[in-house]
Structure formats: structure tokens, C-alpha cells
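Visitor: 367 is the number that our numbering gives the last residue of the sequence shown; the numbers go up by one with no jumps.
Just so it is clear, CB atoms sit at the ideal spot from N, CA and C, and this is done for glycine as well.
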Amino acid sequence: MPRDIPETKRNTFEDIENTRTTGMLLASKYVLEHRYDAAKNVFEKLLQLSPNDVEIMALHANIYCVEGKFIEAENKLNQVLLLDPNYPLALYFLGFVYNAKGEYEKAINMYETALKYFSEYEKMEIADTYHNLGCSLWEVKRRKEAIEAWKKCLKYNPEQKHVMENLKQFSNEYGVF
191 MPRDIPETKR
201 NTFEDIENTR
211 TTGMLLASKY
221 VLEHRYDAAK
231 NVFEKLLQLS
241 PNDVEIMALH
251 ANIYCVEGKF
261 IEAENKLNQV
271 LLLDPNYPLA
281 LYFLGFVYNA
291 KGEYEKAINM
301 YETALKYFSE
311 YEKMEIADTY
321 HNLGCSLWEV
331 KRRKEAIEAW
341 KKCLKYNPEQ
351 KHVMENLKQF
361 SNEYGVF
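So this is what it looks like as C-alpha cells:
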């Protein structure tokens, strides 16, 4: 009778997915604690396991956004878009980067493109994108379009306080509501 072959531990999809989920939660915790280097370190380790994981790459880049390191964030987000040019989270974050740099037309383009690719079930992401799109449109004096973007935001998230404040303040101030 042949001997049993000892079981070897393998990185199954389930093992990797559990590690990924745990890592994302840990990185989120670190970001909330303002421990950005620790969060980036977690994402870098996750990327060693799965170097082309566009979600991890985009979230990693977003930490640079939070830190105000927009050039680094932009470079990392462009790497994501090389792998998946239609990845909405990367497009959204890149819109944020452009807005922060005062490149409002580029931000508008990124937000509008992101909206094409978010799933209809990603209501909060869509709402946030319309919110930021409205802010970028406002900056380039496209007032009516900004108001319309904010109204669309509220369709996806009626509790969006900043948008309600923007609509109240700016629509009365500029008479475009």
C-alpha cells in the first residue's frame, strides 16, 4: 500500500481572499488613525500577493491623496488605469487629484468617465462622484451643470448634507435653482 502524501499548504483563492479582506480592513483602520505609512505598508504587502489587483492599487494611491501627495497619487492611479482604463474608483480618485491641483476640466472629465463605469448598485460612489463633479463644474463657472450634478447626487444619496447646503446656498445666491 502506498504511503499517504503529506498535505502541503497552498495559497488557495480563499486564503488569498481572506488575507486581502483582512488587509483592507487593517489598512482602513490605520488610515482612520492617521497612520498612513502603516496603511501603505499593508497595501504594499497585499500587492506582493496580487500585483495587478486594481482595487488594492487604487486604495493604495488614495492614501497619497489623503496625505496631499498628489503627484505620487496621480502616478499610482495612472498605473491602475494602464491595467484597467475603465476602473471607476481610479477614475474617481484621479478626478479628486485633478480637482485638488486646480485642474478642473481634467477633474470633470475623470468624474464623468467614472460615472459611466460605476455599477448601478454603487449608489454611494455615484453620489460622491456627482457631488465632486458639481464642485468642479462650479469652479469653472458652469453653474447650471453644477446644480444638476448636485441634484443627481441627491437622487443616489438623499442624506448628502454638503450637497444640500451647496444647493441651498448657491441656488439662492445665483438664482439658478
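#1: Quick one: what's got a C-beta closer than 6 angstroms to residue 355's C-beta in the same chain, skipping five residues either side?
#2: Is there a Cβ of chain B sitting closer than 9 angstroms to that of residue 296, yes or no?
#3: Under 8 angstroms: do the stretch 232-239 and the stretch 258-274 share three or more Cβ pairs, one atom per stretch?
#4: Do you know whose CA, among 222, 280, 223, 362, lies nearest residue 249's CA?
#5: Using the Cβ count rule (16 or more neighbours within 10 Å means buried), how would you classify residue 324?
#6: List in chain order: all unbroken alpha helix (DSSP H) runs of 4+ residues lying wholly within the stretch 206-276.
#7: Does residue 330 pass the burial test, meaning 16 or more other C-beta atoms within 10 Å, or should it be called exposed?
#8: Using the C-alpha atoms, what's the distance from residue 327 back to residue 215?
#9: If you reduce the DSSP assignment to three classes, tell me which class residue 309 lands in.
#10: I need the DSSP call for residue 331, collapsed to helix, strand or coil.
Guide: Answer, in terms of the structure:
#1: Against the sequence shown, residue 355 aligns to sequence position 165. Nothing listed; no residue qualifies.
#2: The chain inventory of the structure shown lacks chain B, comprising one protein chain alone.
#3: Output reads no: the stretch 258-274 does not touch the stretch 232-239.
#4: Indexing the sequence shown from 1 puts residue 249 at position 59. Among 222, 280, 223, 362, the Cα nearest to that of residue 249 belongs to 280.
#5: If you number the sequence shown from 1, residue 324 lands on position 134. Of the other Cβ atoms in all chains shown, 16 or more fall within 10 Å of the Cβ of residue 324; this residue is therefore buried.
#6: Restricting attention to alpha helix (DSSP H) runs no shorter than 4 residues, the stretch 206-276 encloses them at 226-239, 244-256, 260-273, ordered along the chain.
#7: In the sequence shown, residue 330 corresponds to position 140, counting from 1. Only exposed fits residue 330, as fewer than 16 other CB atoms lie within 10 angstroms of its CB.
#8: On the sequence shown, residue 215 is found 25 positions in, with the first residue counted as 1. On the sequence shown, residue 327 is found 137 positions in, with the first residue counted as 1. Those two C-alpha atoms are separated by around 34 angstroms.
#9: The residue you call residue 309 lines up with position 119 of the sequence shown. In the structure shown, residue 309 sits in coil (DSSP, three-state: anything other than H, G, I, E or B).
#10: Within the sequence shown, the letter at position 141 stands for residue 331. Of the three classes helix, strand and coil, the one that applies to residue 331 here is coil, per DSSP.
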